[in-house]
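Student:
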Amino acid sequence: MAGTPSCQDQAYQPPTGPVSVQPVPETPAASVAGGPAQTHTAYEFVREYMAFLLPRDLNVLWTIGAMLVAVLALMLLSGLTLALTYTPDASLAFTSVETLERRVPFGWLLRSMHMTGATFFMAALYLHVFRGLCYGSYRAPRQGLWGVGTVLLMMVMITAFAGYVLPWGQMSYWGADVAGKAVGAIPLVGNMLERVFLGGDAPGTATLHRMFVLHFTLSFAIVGMVILHVAVLHARGSTSPSGPVGQNRARMLPFHPYFTVKDGLGVVVLAILFTLVMCFWSGLVTEAENYRPANPLHTPADIEPEWYFLPFYGMLQAVPSKFFGLLVSGGAVAILLFVPWLDRGASATFVAGRWGGLRWLPRVALAVLVCSFVLAGLAGRHHVQGVWLLVGRLATLGYYLYFLGFLPFYSRLARKEARS
Ligand code: HEM
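Residue numbers for the sequence shown follow full-length UniProt numbering, so the first one is 1 and each next one is one higher.
#1: Run the proximity test for W62: is its beta-carbon closer than 7 angstroms to any non-hydrogen atom belonging to the ligand HEM?
#2: With a threshold of 16 other CB atoms inside 10 Å of the CB of Q317, please say whether the residue is buried or exposed.
#3: May I ask which residues mark the beginning and end of the alpha helix (DSSP H) holding L336?
#4: I need the DSSP call for L84, collapsed to helix, strand or coil.
#5: Is there a C-beta anywhere in chain C that falls below 8 angstroms from the one on R344?
#6: How long is the line joining the alpha carbons of A30 and Y400, rounded to whole angstroms?
#7: What do you get for R236, buried or exposed, if any count of 16 or more other CB atoms within 10 angstroms of its CB means buried?
#8: Counting only runs that start and end within the region 47-72, where is the beta strand (DSSP E) found for 3 or more residues in a row?
#9: Measuring CA to CA, which of P88, G117, N59, L82 is closest to I272?
#10: Rounded to the nearest angstrom, what separates R131 and V60 at their Cα positions?
#11: Is V217 near the ligand HEM, going by C-beta to nearest heavy atom under 7 angstroms?
#12: I need the straight-line Cα distance from M50 to G199, nearest angstrom please.
#13: Rounded to the nearest angstrom, what separates P300 and Q170 at their Cα positions?
#14: Classify L404 as buried or exposed, calling it buried when 16 or more other Cβ atoms lie within 10 Å of its own Cβ.
#15: Using only the alpha-carbon positions, how far apart do T207 and V156 sit?
#16: Run the proximity test for I272: is its beta-carbon closer than 7 angstroms to any non-hydrogen atom belonging to the ligand HEM?
#17: What are the boundary residues of the alpha helix (DSSP H) that includes P320?
#18: Near residue 422, which residues of its chain fall below 8 angstroms by C-beta distance, leaving aside the five closest residues on each side in sequence?
#19: Would a C-beta distance cut-off of 8 angstroms place V232 and L327 closer than the cut-off?
#20: Please check the pair G333 and L193, which I expect to be a contact at CB under 8 angstroms, by giving their CB distance rounded to whole angstroms.
#21: Please identify the residue among W360, G386, Y402 whose C-alpha is closest to the C-alpha of V370.
#22: Would the beta-carbon of L53 fall within 8 angstroms of that of R344?
#23: Out of L284, N290, M225, F255, which has the shortest C-alpha to C-alpha gap to A176?
#24: Please return the same chain residues whose Cβ sits closer than 8 angstroms to the Cβ of E229, not counting the five positions on each side in sequence.
#25: If the criterion is Cβ atoms closer than 8 angstroms, does the pair R381 and L310 meet it?
#26: Could you give the residue range of the beta strand (DSSP E) that holds L188?
#27: Looking at the ligand HEM, does it come within less than 7 angstroms of Y410, judged from the CB to the closest heavy atom?
#28: Is the closest heavy atom of the ligand HEM to the C-beta of Y49 under 7 angstroms?
#29: Whole angstroms is fine: what's the gap from R292's alpha carbon to F255's?
#30: Sorted by chain position, which residues of the same chain lie with C-beta nearer than 8 angstroms to T201's C-beta, five sequence neighbours on each side aside?
#31: Let me have the residue list for the ligand HEM: C-beta closer than 6 angstroms to any non-hydrogen atom, ordered along the chain.
#32: Taking 7 angstroms as the cut-off, does the CB of A301 come closer than this to any heavy atom belonging to the ligand ADP?
#33: Confirm, please, whether the CB-CB distance from I186 to F373 is below 8 angstroms.
#34: Going by Cα to Cα distance, which pick from I227, W341, R56 is closest to Y138?
#35: Suppose you measure from the CA of V71 to the CA of S112; what does that come to, to the nearest Å?
#36: Thinking C-alpha only, which one of T41, R56, F45 is nearest P257?
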């Protein structure tokens, strides 16, 4: 029930005096942090951020935001240095990347970092969104924060797609071809959009120029959006795994040193994992077919995107019409924008459960969502026929059911209970 302490709360011992279970009013960051509302110097600004109060029970899933920032910095630095030797021309792109890998000192390391970074960034991003869904971090007053996050997700996906085209291997070329045809399936304006996207009738130098500019500029736009994302978070405050109880001032700790140390430890663990994957399991983040130069005359047996796009590719293929497939697949990301309005339940956590009798229900629903996402990805890896077509369709249904069926249903139940 909203505002009811969960079993996790029993462990809390507030430092002084009796503690009311009222949530902290949704006030601007400065007042939550107990600092002045206006900052005048960079020093005061940093001091205010360091003193920012956060619920003390934030678990490991809250460390992923810091990991995302660290990987983003690495992606920008490695990307900028890669761009120094890259040539966006269909006849030179593949060789320029090969030259970087083989001839430029530490070029292989820069490229490996960038490729491994893309995989880690997307994995962390999916976990970050999952955390938000688990704990209802999108609820009022954080709808804006969630909206900025969803736009960020879209920007990151477009940037990752554009980046994958750049090395101009077989998968780069045929990936651009499939994406171009998907855009071309839009009624009325499809042909025109496909030509704008490809810069011609088929992928070529013009496509590479477009993708290079998109990849480069969006990366910096993402940095701006991340700054906005964090600023809105500071204005709205963090969700707590134990709901409003955890957001009580007496149960909060300042960002520094408590969360700087925790986040720092998370980033170190991530760096170790990152290095292990980059040095010992590079096969996890690379696609052998993309080490063959693009050949417009030879279609690979299996055209498949990077792993992080597979669920959306699976949904695209699960629908017989190309246009509706595009709608269903794009809609799977866009639907996140509407989550705060699909679930208008009280601001309590999902996992702690506000609804004694049906506490298991959101967990089962989340498990169905995760399984659907994974199964859609598996369907995307296979030819969509026979059993895989069925799996793709069921997974698409399961994914949409969570947002369009479960969330409105459960939040209506919770509102009804809150009224009674
Ligand atoms: C480039 C991508 C992103 C970066 C670098 C980023 C970074 C961060 C950071 C540093 C935090 C604070 C620490 C934490 O709570 O983990 C945060 C919080 C948050 N992010 Fe993101 N984020 C990104 C994308 C997204 C996306 C795609 C969404 C959702 C669609 C999202 C939703 C949220 C929410 C709701 C919070 C607040 C959680 C709370 O209430 O405690 N973020 N993000």
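Just so you know, even glycine gets a beta-carbon here, dropped at the ideal spot from N, CA and C.
Tutor: Reading from the atomic positions:
#1: Along the sequence shown, read from residue 1 onward, the residue named residue 62 stands at position 62. Result yes, Cβ under 7 angstroms from the ligand HEM.
#2: Here residue 317 is taken as the residue at index 317 of the sequence shown, counted from 1. Burial call: buried.
#3: For this step, residue 336 is matched to residue 336 along the sequence shown. Per DSSP, L336 belongs to no alpha helix (DSSP H) and is neither H nor E.
#4: For the purposes of this step, residue 84 is identified with residue 84 of the sequence shown, where counting begins at 1. L84: coil per DSSP, three-state reduction.
#5: No chain C is present in this structure, which holds just one protein chain.
#6: For the purposes of this step, residue 30 is taken as the residue at position 30 of the sequence shown. For the purposes of this step, residue 400 is taken as the residue at position 400 of the sequence shown. With a pLDDT of only 42 at A30, under 50, the local geometry of the prediction cannot be trusted, and the value read off the model is given with reservation. Distance between the alpha carbons of A30 and Y400 is about 39 angstroms.
#7: Here residue 236 refers to the residue found at position 236 when the sequence shown is read from its first residue. With 16 or more other Cβ atoms within 10 Å, it is buried.
#8: 53-55
#9: As a first step, residue 272 must be located in the sequence shown, where it is residue number 272. Comparing Cα-Cα distances from I272 to each of P88, G117, N59, L82, the minimum goes to G117.
#10: One-based indexing of the sequence shown puts residue 131 at position 131. One-based indexing of the sequence shown puts residue 60 at position 60. Their Cα atoms are separated by approximately 10 angstroms.
#11: By 1-based counting over the sequence shown, the position of residue 217 is 217. Here residue 217 is Thr; the residue named in the question, Val, does not match the sequence. No, the ligand HEM has no heavy atom inside 7 angstroms of this Cβ.
#12: Sequence index remark: in the sequence shown, residue 50 carries index 50 (1-based). Sequence index remark: in the sequence shown, residue 199 carries index 199 (1-based). Distance between the alpha carbons of M50 and G199: 48 angstroms.
#13: For the purposes of this step, residue 300 is taken as the residue at position 300 of the sequence shown. For the purposes of this step, residue 170 is taken as the residue at position 170 of the sequence shown. Rounded to whole angstroms, P300 to Q170 spans 7 angstroms at the Cα level.
#14: Translated into positions along the sequence shown, residue 404 becomes position 404. The residue is exposed, with fewer than 16 neighbouring Cβ atoms inside 10 Å.
#15: As a working mapping, residue 207 is identified with position 207 in the sequence shown. As a working mapping, residue 156 is identified with position 156 in the sequence shown. Roughly 19 angstroms separates the two Cα atoms.
#16: Taking the sequence shown and counting its residues from 1, one reaches residue 272 at position 272. Checking the Cβ of I272 against the ligand HEM gives no.
#17: Here the question's residue 320 lines up with position 320 in the sequence shown. Looking at the DSSP string, P320 is not in any alpha helix (DSSP H), and its letter there is neither H nor E.
#18: The structure shown does not extend to residue 422, since the chain spans only 1 to 420, so no value can be given for it.
#19: Here residue 232 refers to the residue found at position 232 of the sequence shown. Here residue 327 refers to the residue found at position 327 of the sequence shown. In this structure, L327 does not lie closer than 8 angstroms to V232 by Cβ.
#20: Working through the sequence shown from its first residue, we reach residue 333 at position 333. Working through the sequence shown from its first residue, we reach residue 193 at position 193. Correcting the residue identity first, residue 333 is Val in this sequence and not Gly. 18 angstroms between Cβ atoms; not a contact.
#21: Residue numbering aside, residue 370 sits at position 370 when the sequence shown is read from its first letter. If we check each option's Cα against that of V370, Y402 comes out closest.
#22: Numbered from 1 along the sequence shown, position 53 holds the residue referred to as residue 53. Numbered from 1 along the sequence shown, position 344 holds the residue referred to as residue 344. Cβ atoms of L53 and R344: not closer than 8 angstroms.
#23: Sequence index remark: in the sequence shown, residue 176 carries index 176 (1-based). Per the Cα distances, N290.
#24: Counting from 1 along the sequence shown, the entry for residue 229 is found at position 229. Strictly speaking, residue 229 in this sequence is His, with Glu absent from that position. Excluding sequence neighbours, H229 sits near L145, V148, G149, L152.
#25: Mapped onto the sequence shown, residue 381 falls at position 381. Mapped onto the sequence shown, residue 310 falls at position 310. A contact, by the Cβ cut-off of 8 angstroms.
#26: Locating residue 188 in the sequence shown gives position 188, where the first residue counts as 1. No beta strand (DSSP E) contains L188, which DSSP labels as neither H nor E.
#27: Here residue 410 is taken as the residue at index 410 of the sequence shown, counted from 1. No.
#28: For the purposes of this step, residue 49 is identified with residue 49 of the sequence shown, where counting begins at 1. Result no, Cβ not under 7 angstroms from the ligand HEM.
#29: For the purposes of this step, residue 292 is taken as residue 292 along the sequence shown, with counting starting at 1. For the purposes of this step, residue 255 is taken as residue 255 along the sequence shown, with counting starting at 1. Rounded to the nearest angstrom, the two C-alpha atoms are 48 angstroms apart.
#30: Here residue 201 refers to the residue found at position 201 when the sequence shown is read from its first residue. The question names Thr, but residue 201 in the sequence shown is Asp. Within the same chain, D201 has close Cβ partners R195.
#31: W62, I64, G65, A66, L68, V69, L72, L125, H128, V129, G132, S137, Y138, R142, L145, W146, G149, T150, L152, L153, V156, I222, V226, H229, V230, L233, S238, T239, L336
#32: For the structure depicted, the ligand ADP is absent and the ligand set comprises only the ligand HEM.
#33: Within the sequence shown, numbered from 1, the residue matching residue 373 stands at position 373. Within the sequence shown, numbered from 1, the residue matching residue 186 stands at position 186. No; because the gap between Cβ atoms is not below 8 angstroms, this pair is not in contact.
#34: Against the sequence shown, residue 138 aligns to sequence position 138. Per the Cα distances, W341.
#35: Along the sequence shown, read from residue 1 onward, the residue named residue 71 stands at position 71. Along the sequence shown, read from residue 1 onward, the residue named residue 112 stands at position 112. When rounded, the distance between both Cα atoms is 13 angstroms.
#36: As a first step, residue 257 is located in the sequence shown; it is residue number 257 there, counting from the start. It is R56 whose Cα lies nearest to the Cα of P257.
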